[in-house]
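What follows is one structure encoded as structure tokens, with my remarks underneath.
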Amino acid sequence: MKTILLVDDSRAVRLVGRRMMGTLGLDVLEAEDGKQALEVARANPDLDAVLLDWNMPIMDGMEFLTALRADERAKQPIVVMCTTENDMPQIVQAMQAGANEYIMKPFTEDIVRDKLEETGVL
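Numbering of the sequence shown is given in the numbering used here, commencing with residue 6 and proceeding in unit increments.
What follows is the structure in structure tokens.
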């Protein structure tokens, strides 16, 4: 079973995401900010994917993404930014920092499934 890390400061978004990932057959880990997510990612070196919010307290999504990509891991997970940030410069910034895909909130299970299939997670 593949494992995905849901990173969002909203408990409701994580709950919805957990349900969606369960129907897609993924094992789910959660974090409410980038700092916690980095700890979870480092403790789970075989992590397959991350569904990542941008705007969070303590450490935001971009800070997390930069730290994750700088981490010398044998396996780098697929990262899908999932945020309300929709300006082209921000999308470009996320992709240049190492995001594999980018989806807008609110999202549906179909959208998430499509992105995870496109990136080879599913």
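Every residue gets a Cβ at the ideal spot worked out from N, C-alpha and C, and that includes glycine.
Check                                                                                                           : Outcome
Contact the region 58-75 vs the region 22-32: 3+ CB pairs below 8 Å                                             : no
The region 29-49 contacting the region 86-96, beta-carbon criterion three pairs below 8 Å                       : no
Close-in-space but distant-in-sequence residues of the same chain around R19 (CB under 8 Å, 5 per side omitted) : L11, D13, E35 and E37
Under the three-state DSSP convention, the category I63 falls into                                              : coil
Cβ neighbours of M133 in the same chain (closer than 6 Å, five flanking residues each side left out)            : This structure gives no information on residue 133, because the portion of the chain shown stretches from 6 to 127.
Buried or exposed by the 16-neighbour rule on C-beta atoms within 10 Å, applied to V84                          : buried
Contact check, A102 vs L70, beta carbons under 8 Å                                                              : yes
Start-end ranges of the beta strand (DSSP E) lying completely within the region 95-125, minimum 3 residues      : 106-109
Own chain residues within Cβ distance below 7 Å of L52, not counting five before or after                       : T8, L10, A46 and P82
CA nearest to the CA of P50, picked from M67, L73 and R118                                                      : L73
Residue environment, E106, which counts as buried when at least 16 other CB atoms sit within 10 Å               : buried
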